[in-house]
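Residue numbering for the sequence shown follows this note's numbering, starting at 252 and increasing by one per position. Each remark here refers to the structure printed beneath this line.
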Amino acid sequence: AWGGSGFLALVVAIFQGYGDAGIWCWIVEDKVWLRFLCYYLPLLLVMTYNIIICLIIMRAVRDSSQEAMVNFRLRLYVLVFVFV
252 AWGGSGFLAL VVAIFQGYGD AGIWCWIVED KVWLRFLCYY LPLLLVMTYN
302 IIICLIIMRA VRDSSQEAMV NFRLRLYVLV FVFV
């Protein structure tokens with residue numbers, strides 16, 4: 252479970268990216284590419300994966316008698332995931 256996080260932390264350390272970078276991020280401001288690679292790219296990949304899985308589930312329950320309830324909950328999950 253910690254393999255991916257440990258690997259990304261090691262990448263940042265190898266490129267000497269840690270330092271005082273303001274309020275919320277420990278990767279220094281002059282290494283924007285490192286911030287994108289180690290934070291934003293994995294975040295976008297996980298969000299895309301979640302949305303794809305939700306769409307697959309919505310298709311799978313299309314013929315179900317509980318289709319409306321499942322679709323509503325999945326759409327609500329995606330909205331909360333994106334906007335919170």
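Cβ atoms here follow ideal geometry from the backbone N, Cα and C, with glycine treated the same way.
Which partner residues does I278 have in the DSSP bridge list? Y269
Shortest alpha-carbon distance to I308 belongs to which of Y291, F323 and A260? F323
Cutoff 9 angstroms: V329 Cβ touching any chain C Cβ: The chain labelled as chain C is not found in the depicted structure, where only one protein chain is given.
Through-space distance from V329 to C305, alpha-carbon basis: Those two C-alpha atoms are separated by around 8 angstroms.
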